[in-house]
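> Residues 1 to 90 in the numbering used here are what the sequence shown spells out, letter by letter. Here a beta-carbon is modelled for each residue, glycine too, at the ideal position from N, C-alpha and C. Computed from a predicted model, the values in this text were never measured in an experiment.
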Amino acid sequence: MTRRQQIIETLQQNKQSAQQLANYFQTTLKEIIGDLEHIGKSIKPKKLKVEPAYCKSCNFIFKERSKVSKPSKCPRCKSEWIEAQMFSIQ
Ligand SMILES: [Zn+2]
Numbered sequence: 001m002t003r004r005q006q007i008i009e010t011l012q013q014n015k016q017s018a019q020q021l022a023n024y025f026q027t028t029l030k031e032i033i034g035d036l037e038h039i040g041k042s043i044k045p046k047k048l049k050v051e052p053a054y055c056k057s058c059n060f061i062f063k064e065r066s067k068v069s070k071p072s073k074c075p076r077c078k079s080e081w082i083e084a085q086m087f088s089i090q
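1. Going straight from the alpha carbon of K30 to that of A22, what length do you get?
2. Alpha carbon to alpha carbon, how far is P75 from I61?
3. Less than 6 angstroms between the CB of F60 and some heavy atom of ligand 1, yes or no?
4. Kindly list the residues whose CB is nearer than 6 angstroms to the CB of G40, restricted to its own chain and excluding five residues on each side of it in sequence; keep chain order.
5. Would you check whether ligand 1 has a heavy atom nearer than 6 angstroms to the C-beta of S72?
6. At 4 residues or longer, what runs of the alpha helix (DSSP H) sit wholly inside the stretch 6–64?
What follows is the structure in structure tokens.
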């Protein structure tokens, strides 16, 4: 099985952040992002669902400004307690 296939299987079972996937597959965030973009296009009619990052301190929701990076600070309360974007397949 290729890594992309493994990612698809994983995301069908559990929500994961890109960083969690990178840790799990022992690769870089950049590689994982590339895989996720490819997967998003190739799994039709299923969908790659992205839950936006949010601030755990004040619940500020980060819009999907980028697929990749985790925001480092909340623009509203300046907290750095940010939950990363979570990916899943449905
Ligand atoms: Zn906040």
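Short version:
1. 9 angstroms
2. 10 angstroms
3. yes
4. L48
5. No, since every heavy atom of ligand 1 falls outside the 6 angstroms radius drawn around the Cβ of S72.
6. 18–24, 29–42
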